[in-house]
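Engineer:
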Amino acid sequence: MRRTGPTELQFDPEIEKTARAIRKATREAQASRGTALLRDTPDCQGQT
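Just so we're aligned: the sequence shown equals residues 47 to 94 in the numbering used here.
1. Output the distance between the C-alpha atoms of Thr-81 and Ala-65, rounded to the nearest integer angstrom.
2. What's the C-alpha gap between Thr-72 and Pro-59?
3. According to DSSP, simplified to helix, strand and coil, what is Arg-54?
4. Only counting the same chain, and skipping five residues up and downstream in sequence, which positions put a Cβ closer than 6 Å to that of Thr-74?
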């Protein structure tokens, strides 16, 4: 099976909208998890 050359991908706005929503939700979940981890971690300054 051979290709004749690269073809243009078709833009689907519905797929792009879904992908943006998923990326936003992932980014927000990681950010909230990161702040929760920082809040629950004991302060290590001055402990040697």
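All C-beta atoms, glycine included, are put in the ideal place defined by N, C-alpha and C.
Since the model is a prediction, treat every value here as computed from it, not as a measurement.
Structural biologist: Short version:
1. C-alpha separation (whole angstroms): 24 Å.
2. Their Cα atoms are separated by approximately 20 Å.
3. Here residue 54 turns out to be Glu, not Arg, going by the sequence shown. Three-state DSSP puts Glu-54 in coil, outside helix and strand.
4. One point to set straight first is that residue 74 is Glu, not Thr, in the sequence displayed. Take Glu-74, set aside five residues on each side of it, and no residue of its chain has a beta-carbon closer than 6 Å to its own.
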